[in-house]
Amino acid sequence: MAKNILVCDDAAFMRMMIKDILSKNGYNVVGEAENGAIAVEKFNELNPDLVLMDITMPEMDGLQALKKIRETDTDAAVIMCSAMGQQAMVIEAIQSGAKDFIVKPFQADRVLESIKKVIG
Numbered sequence: 001m002a003k004n005i006l007v008c009d010d011a012a013f014m015r016m017m018i019k020d021i022l023s024k025n026g027y028n029v030v031g032e033a034e035n036g037a038i039a040v041e042k043f044n045e046l047n048p049d050l051v052l053m054d055i056t057m058p059e060m061d062g063l064q065a066l067k068k069i070r071e072t073d074t075d076a077a078v079i080m081c082s083a084m085g086q087q088a089m090v091i092e093a094i095q096s097g098a099k100d101f102i103v104k105p106f107q108a109d110r111v112l113e114s115i116k117k118v119i120g
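If you read the sequence shown in the UniProt record's numbering, its first letter stands for residue 1, the second for the next number, and so on.
So this is what it looks like as structure tokens:
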């Protein structure tokens, strides 16, 4: 059975790139969000197996969204992505419950390796 993934990034081209990588590798993209607030709504509505979430987004950033998602589902599998490989953000994301962290620009195999590690 294909794993259901929610893709959250404010850049449409990034969502498209990630969707392409995922669908070519047997994953099912069940939804997209362009900011953290929509990501939280879609998470509650779609109950995906995994969320791929950008950190820097308008309205509500990825870290705030991660915390909100984890309030409703402590087992939520969230992988954070960000162009900013800032140590503090990576640490905060992991402490807030992110299962992994991918730095942009990413390679397809790094994304897939991270997903396999987190949800099999």
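Note that beta-carbon positions come from the ideal geometry of N, C-alpha and C, so glycine has one too.
Pull the bridge partners of residue i from the DSSP assignment, please.
i    : result
V51  : L6 and V78
E32  : V7
D100 : I79
Measuring alpha carbon to alpha carbon, tell me which of the options ends up nearest residue i.
i   : options                : result
G64 : V118, K24 and E41      : Reading the sequence as shown, one finds Gln at residue 64 and not Gly. When only C-alpha atoms are compared, the closest one is E41.
G36 : D49, L46, D10 and A88  : D10
I38 : G26, R110, K24 and M57 : M57
So, is residue i buried or exposed, given that buried needs 16 or more other C-beta atoms within 10 angstroms?
i   : result
A77 : buried
D20 : exposed
A12 : exposed
Nearest-angstrom Cα distance between residue i and residue j?
i   : j    : result
T74 : M80  : 16 Å
A2  : E113 : 16 Å
* Asked: Taking three-plus beta-carbon pairs below 8 Å as touching, is the region 50-65 in contact with the region 92-105?
  -> Below 8 Å, enough C-beta pairs join the region 50-65 and the region 92-105 to call them touching: three or more.
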